[in-house]
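Trainee: Top line first, the protein sequences correspond to chains A and B.
Each number in our numbering comes from the position in the first sequence (counting from 1) with 20 added on.
With the first letter of the second sequence counted as 1, position 61 gets the number 46 in our numbering; the numbers rise by one all the way through.
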Amino acid sequence: MKKKSLAPGDSTVVELSFNTKQYKTLIKKNATIYSNDLANSQSKIYVNARCYATQDTTLPISWGPDKINFKQEEREFEVIVTNKSDKELNLVAVSAGYDGLFMKIKNDLIKPGNEGKIEFIWTDGFQKEHFERSITFVASGDSETRFTIPFVVEGTNPTPKKSKAKTKPSAKNTSKSPAVKKSDATHDHKSGN
Amino acid sequence: MKNLILTAILVLTLAAMSVAEPNIMIPKQRWDFGHAPQHSALTHDYVIMNTGTDTLNIIRVKPG
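See the structure below:
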């Protein structure tokens, strides 16, 4: 949340993040926003997702890759969306973009049997900690197919490795090793609309 | 004098009726991610507006 206090007429955004884990079905989640609006002190927001391990082959489209992992040495990706139906499909992004992410749909009207392409380029720098976001698309023809492509922007912090060094017990060295603190995984990336 | 008192009462009553209050408005409370792969973080930004006349304080956001 960017701001916790809003003057009259002001607005902010609350980001809801949801991990699909190993779910294989329709998942519904919600969150409650508590505020000092006495008439509406608890407001709910809802999300749902159809999680899959492998894409549903009965859908009118297929797409891939279905996840993106931006690295310093790999900043550009192209997602191919294939129209498997016998109707022309219109492909659009329905969620807001993010600062640092350039995204372009190269062929938004996809004829039957043809492919559309979505280009993703990470134009921003890489922060210490990795962070994850997602973009939702809709392919519409006679019916609508909605899908979300999650993306990860890798952090520059190297993954901590377990020390393999062994020290021989010594009479002089009786002090205990300091506990290893896990790095604070806060995501200070600012998303924009 | 009587008219003056009545006017004062009327003004005070109107002032009391127009107490400033915050008003939370969330234009779109539901988001559908559609099909999404396993083991991924999905994110969505919800816009929160204050359409009231006083400061709106968001006290906390609790996942359900």
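C-beta: ideal position from N, C-alpha, C; glycine also.
From a predicted model like this one, the values you see are computed outputs, not experimental measurements.
1) Threshold first: 3 residues or longer. Then list the beta strand (DSSP E) segments lying entirely within the segment 56 to 87 of chain A, N to C.
2) Would you mind telling me which residues of chain B sit closer than 7 angstroms to S115(A), beta carbon to beta carbon, in chain order?
3) Can you look up K49(A) in the DSSP assignment and give me helix, strand or coil?
4) For A116(A), name the three-state secondary structure that DSSP assigns.
5) At a CB distance below 7 angstroms, what residues from the segment 30 to 46 of chain B approach chain A? Give them in sequence order.
6) Helix, strand or coil for K148(A)? Go by DSSP, reduced to three states.
7) Taking H24(B) as the reference, which of Y118(A), D76(A), N60(A) and Y72(A) has the closest Cα?
8) Under 6 angstroms Cβ to Cβ from Y43(A), same chain only, skipping five residues before and after it: list those, please.
9) Can you name the residues that DSSP bridges to A(-7)(B)?
10) Can you look up N(-13)(B) in the DSSP assignment and give me helix, strand or coil?
Mentor: Considering the structure as presented:
1) 62 to 72 and 81 to 84
2) H29
3) strand
4) coil
5) D30, Y31, V32, I33, M34, N35, G37, T38, D39, T40, L41, N42, I43, I44, R45 and V46
6) In the structure shown, K148(A) sits in coil (DSSP, three-state: anything other than H, G, I, E or B).
7) Y72(A)
8) C71
9) Note: A(-7)(B) is not bridge-paired with any residue in the DSSP secondary-structure output.
10) For the sequence presented, residue -13(B) should be read as Lys rather than Asn. Three-state DSSP puts K(-13)(B) in a helix.
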